[in-house]
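Notes follow once the structure below has been shown.
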Amino acid sequence: MNARHRSDLLIWLGLLLAAALEFGVSFLAIPQGVRPILILPSIGMAVLVALGFMRLLTAPDIAKSFAIGGIFWLTVLLGLAMTDPMTRAVYAVIG
Amino acid sequence: MSEEVAPHTHFQYADARHQAETALSGMWLFLASEVLFFGGLIVAWTFCRHWQPAGFDAGSRETVLWIGTVNLFLLISSSFVYSSGLAFMEAGNAKRLIQCCVATMAIGSLFLLLKFYEWHIDISEHLFPAGPFKINGADAGGARMFWSFYFVATALHAAHMIVGVGLVGWIALQARRGAFADGWLTPVEVIGLYWSFVDIVWIVLYPIIYLVGRE
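Protein chains in written order, with this note's numbering: chain A, 1 to 95; chain B, 1 to 215.
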């Protein structure tokens, strides 16, 4: 077993642990409004897969820039899309 | 022809490394576009849940949690198996790469079989958003929106999985023919990127489909 195999094995175990944690925490009595925090472990897992199995750190520089660009535009997409529901005041219709 | 190029290296590249970096970067660019493609789905989920949280969560509570969870562990393991195959091939062991590809395909196929079975359960319980629907009352509209999101998201992911299983099979076939014997591993790496990305998509879809709406 070489260093690459050991690294893959550790990443796999970390992912299994994070998945089990996410699953277990979902059974706790978390208020409905706060439950989207259950997505946080999955973001960590996605980063782990990208850095570990996809070897992003050793990828060519331009590939790294594409990866960062994808995250940047995703942030813009989600951020701008949510400005409407986060800022709109809903008034009751009278009559 | 005056220029000498290494096997597998096309004339427009300076050397094999240049070609490999271009192929890897090309796949990363494609995956960045896929991030935005699936990002639209995340926007739909966020937007719809924001306006109809009760109905959306009522829909989410009807999902088959055990299948989604088993599938999460299956996909995580499949990425590990494929990555191990690449590590074996880097050490010159093509036989192990083929075994890892076959195992990856088997895990991917099991994921798809479970997903088809889950759809069968969902549809037989009248959770398809068109036609007679299981959830009635004030939450029905939000629940229908959730199940529209669910079927679109899982179908798109399954389509990517089917493509991935085919690509991994192609890698196994190429390895069997000895295509990677001279250390040219770019296709193995590029397909690995795609497979791990499909894994990431499920890692993100899992909590928003199965966990957030559950009580």
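The beta carbon of each residue, even a glycine, is placed where N, CA and C say it ideally should be. Small disclaimer: the values here were computed from a predicted structure and weren't measured.
- Your pair L97(B) and G192(B) does not check out as a contact, with CB atoms roughly 11 Å apart and the cut at 8 Å.
- For H50(B), the uninterrupted alpha helix (DSSP H) segment begins and ends at 16 to 51.
- Taking C-alpha positions only, G141(B) is separated from G213(B) by approximately 15 Å.
- Chain A has no Cβ within less than 8 Å of the Cβ of H160(B).
- Neighbours of A19(A) in chain B, taken as residues whose beta carbon is under 9 Å from its own, are T69, L72, F73, I76, I203, Y206 in chain order.
- The closest CA to that of M45(A), considering only A92(A), T83(A), A19(A), is found on A19(A).
- DSSP places R176(B) inside the alpha helix (DSSP H), whose first and last residues are 140 to 176.
- The C-beta of G55(B) comes no closer than 8 Å to any C-beta of chain A.
- Contacts with chain B at 8 Å (Cβ-Cβ) do not include G79(A).
- In terms of Cα proximity to V90(A), the closest of S79(B), H50(B), I121(B), G108(B) is H50(B).
- Here the alpha carbon of A32(B) sits roughly 14 Å from the alpha carbon of W195(B).
- Listed in chain order, the non-local C-beta contacts of A59(A) below 6 Å within the same chain number zero, local neighbours out to five positions each way being set aside.
- For the stretch 98 to 120 of chain B, the set of positions with a beta-carbon nearer than 9 Å to some beta-carbon of chain A is empty.
- The C-beta of R214(B) comes closer than 8 Å to at least one C-beta of chain A.
- Contact note: L51(A) does not reach chain B at a C-beta cutoff of 9 Å; the least C-beta distance is about 11 Å.
- By the CB criterion at 8 Å, H157(B) and L211(B) fall outside the cutoff.
- The stretch 62 to 80 of chain A and the stretch 24 to 42 of chain B touch, with three or more beta-carbon pairs separated by less than 8 Å.
- Taking all protein chains in view, the Cβ of A181(B) is surrounded by fewer than 16 other Cβ atoms within 10 Å, so the residue is classified as exposed.
- Cβ neighbours of P41(A) within its own chain (closer than 7 Å, five residues either side excluded): A18, L21, E22.
- When the alpha-carbon of D84(A) is set against those of T46(B), L74(B), W28(B), the nearest one is in T46(B).
- Within the same chain, and ignoring the five residues on either side of S26(A) in sequence, the residues whose Cβ sits closer than 6 Å to its Cβ are L38.
- Only residues of its own chain outside the window of five on either side were considered, and among them N71, L74, L75, M161 have a CB closer than 7 Å to the CB of F111(B), listed in chain order.
- The beta-carbon of E21(B) is placed less than 8 Å from the nearest beta-carbon of chain A.
- For L24(B), the neighbours in chain A by C-beta distance under 8 Å run, in chain order, A59, P60, A63.
- Taking the beta carbon of H126(B) as reference, no residue of chain A falls within 9 Å; the closest one sits roughly 25 Å away.
- Non-local beta-carbon contacts of L56(A) in its own chain, meaning distances under 7 Å to residues more than five positions away in sequence, involve A50, K64, A67 in chain order.
- For P36(A), at least one C-beta of chain B is nearer than 8 Å to its own C-beta.
- Nearest neighbour of S25(B) by Cα position, chosen from V34(A), G79(A), M82(A), D61(A), turns out to be D61(A).
- In its own chain, leaving out the 5 sequence neighbours on each side, no residue places its CB closer than 6 Å to the CB of I43(A).
- Contact annotation, Y82(B) with V190(B): C-beta distance approximately 12 Å; criterion of less than 8 Å not satisfied.
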